[in-house]
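When we follow our numbering, the leftmost residue of the sequence shown carries the number 663, and every step to the right adds one. Don't be surprised by glycine CBs; every beta carbon is placed ideally from N, CA and C. Nothing here was measured: the structure is a model prediction, and the numbers come from that model.
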Amino acid sequence: MDTLTGVIPDFSLVQVTQTTSSTKMELIGFQRFLSNIEDANPAVDVVVTDRHVQIRKAMATDHSNKNHQFDVWHLSKSIKKKILAIKPKKLLSEVKPWIPSILNHVWWCSREAEGNPDKLEETWTSLLYHISNRHTFPGKLVTKCGHPPLSDDAIRKKKWMAKDSPAYEALENVITNKLILRDIRHLDRFCHTGSLETYHSMMLKYCPKRMEFDYPSMVARTQLAVVDNNVNIGRKQKIGANGMLSFTTRCPKSTGRWTARKVYEKKEYDFKTDIMQSAITNQQDGTQKKTLHQLKSLTLPRNISKDPAPCKEDLVDSHRSRFI
663 MDTLTGVIPD FSLVQVTQTT SSTKMELIGF QRFLSNIEDA NPAVDVVVTD RHVQIRKAMA
723 TDHSNKNHQF DVWHLSKSIK KKILAIKPKK LLSEVKPWIP SILNHVWWCS REAEGNPDKL
783 EETWTSLLYH ISNRHTFPGK LVTKCGHPPL SDDAIRKKKW MAKDSPAYEA LENVITNKLI
843 LRDIRHLDRF CHTGSLETYH SMMLKYCPKR MEFDYPSMVA RTQLAVVDNN VNIGRKQKIG
903 ANGMLSFTTR CPKSTGRWTA RKVYEKKEYD FKTDIMQSAI TNQQDGTQKK TLHQLKSLTL
963 PRNISKDPAP CKEDLVDSHR SRFI
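Below, the structure written as structure tokens:
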């Protein structure tokens, strides 16, 4: 997906039998997709992914000329997981009230970095000064907090952490973790894949996980999902009967906090009628009775296992022998 426009220019569908192991499916799909994009448009400067180890290695070795950025949401989720793993629970209870602010700080650091990973890292670690009520500090690029001066009332109401407390030290170990500091430098372009996650949710309408489809069907259904996404990009926020922008409220299980969510105009599905009419016309004319993907020669085994299926009776006897 193009992060600037939200358009999906291409996709790669990988079946597990096409790889040596299921763990390589994402890497192979990524390599195919990037190769197709480069063939169509060689000027690919920035690639945004999650922190997938194999993809990271492939970017470093095969695409070192490109800027590899990480999704802000995925890294903030990982940071939250590390904070929640703080032991004992007594220390965690002191750190927990700061978690929403820390996660917001990840996003703010990325947005303010302006393509400078050094500035991003300094801004990130400055969090340790803020939580201990120190808002000016030594630094090369960042020497003070980005918020306005706090009032005496705001300072009094906030539960600051003492810099020599065990809870502060536990949080400091997370903030200055070598892996976190290494990966957070890949957020300096403020790239996030929220639109892609929305597409994945919408895709379930065409490719529900609880139903089985053969390969050509999965290709066709994915194509429909991509067209649905591309046709409905740029929908405006709905105007209510009162003339105001429409919002709805929701309370995600992950946070347990109520939030406001924009309500957009209804989607357009005229493209489905066009596709059906085109299919009927092609069938009647006899010009093309198969899709381009079906015309391509692709031989896939019927089962995931590379071994032939044994006799059913032998399997039943083997199953029963476990209880004899």
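Roughly how many angstroms lie between the CA atoms of serine 959 and leucine 886, to the nearest whole one?
Low per-residue confidence applies at serine 959: pLDDT is 49, beneath 50, and the placement is therefore not dependable, though the value from the model is reported in the following sentence. So the two alpha carbons sit approximately 22 angstroms from each other.
Roughly how many angstroms separate the alpha carbons of lysine 825 and histidine 730, rounded to a whole number?
35 angstroms
For threonine 943 and lysine 934, what's the separation of their Cα atoms in angstroms?
14 angstroms
Could you work out which residue in Ala775, Val676, Ile761 is closest to threonine 917 when comparing CA atoms only?
Ile761
Within the stretch 767-819, ranges of the alpha helix (DSSP H) (whole runs, at least 4 residues)
779-787, 789-792, 814-819
Identity of the residues DSSP links to asparagine 729 by a beta bridge
Val708
Distance CB(methionine 864)-CB(aspartate 845) smaller than 9 angstroms
no
Proximity of glycine 808 and tryptophan 770 at Cβ, strictly below 9 angstroms:
yes
Can at least three beta-carbon pairs, one atom from the stretch 664-682 and one from the stretch 690-710, be found at a separation below 8 angstroms?
yes
So if DSSP puts alanine 824 in a beta bridge, which residue, or which two residues, is it bridged to?
Bridge partners of alanine 824: none, in fact.
Sequence-distant residues of its chain with Cβ nearer than 6 angstroms to arginine 792 (five each side left out)
Residue 792 is actually histidine in this sequence, not arginine. Answer for histidine 792: Cys807, listed in chain order.
What separation, rounded to the nearest whole angstrom, lies between the Cα atoms of threonine 681 and threonine 921?
42 angstroms
Assign aspartate 664 to one of two classes, buried (16 or more other C-beta atoms within 10 Å of its C-beta) or exposed (fewer than that).
exposed
Just reading off the beta strand (DSSP E) that alanine 971 is part of, what are its end residues?
Unbroken run through alanine 971: none, as it is neither H nor E.
Cβ atoms of isoleucine 895 and valine 710: under 9 angstroms apart, would you say?
no
Pick helix, strand or coil for phenylalanine 909, following the three-state DSSP scheme.
strand
Alpha carbon of lysine 987 to alpha carbon of phenylalanine 909, nearest angstrom
Outside the displayed range of the chain (663 to 986) lies residue 987, so it cannot be described from this structure.
Can you have a look at glutamate 783 and say buried or exposed, based on whether 16 or more other CB atoms are within 10 angstroms of its CB?
buried
Kindly indicate which three-state DSSP category alanine 903 falls into: helix, strand or coil?
coil
Quick one: is the Cβ of proline 914 within less than 8 angstroms of any heavy atom of the ligand NAP?
This structure lacks the ligand NAP; in fact it carries no ligand of any kind.
Start and end of the alpha helix (DSSP H) containing lysine 743?
734-746
Would you call the stretch 739-751 in contact with the stretch 864-884, where contact means no fewer than 3 C-beta pairs closer than 8 angstroms?
no
Per-residue DSSP class, three states only, for threonine 884
helix
Status (buried if at least 16 other CB within 10 Å, exposed otherwise) for aspartate 724
exposed
Count the other C-beta atoms from every protein chain shown that fall within 10 angstroms of the C-beta of threonine 787, then say buried if there are 16 or more, exposed otherwise.
buried
Tyrosine 926, DSSP secondary structure in three states:
strand
Contact check, leucine 843 vs valine 734, beta carbons under 9 angstroms
no
Option nearest serine 857 by Cα separation, candidates Glu776, Gly777, Ile764, Val888:
Val888
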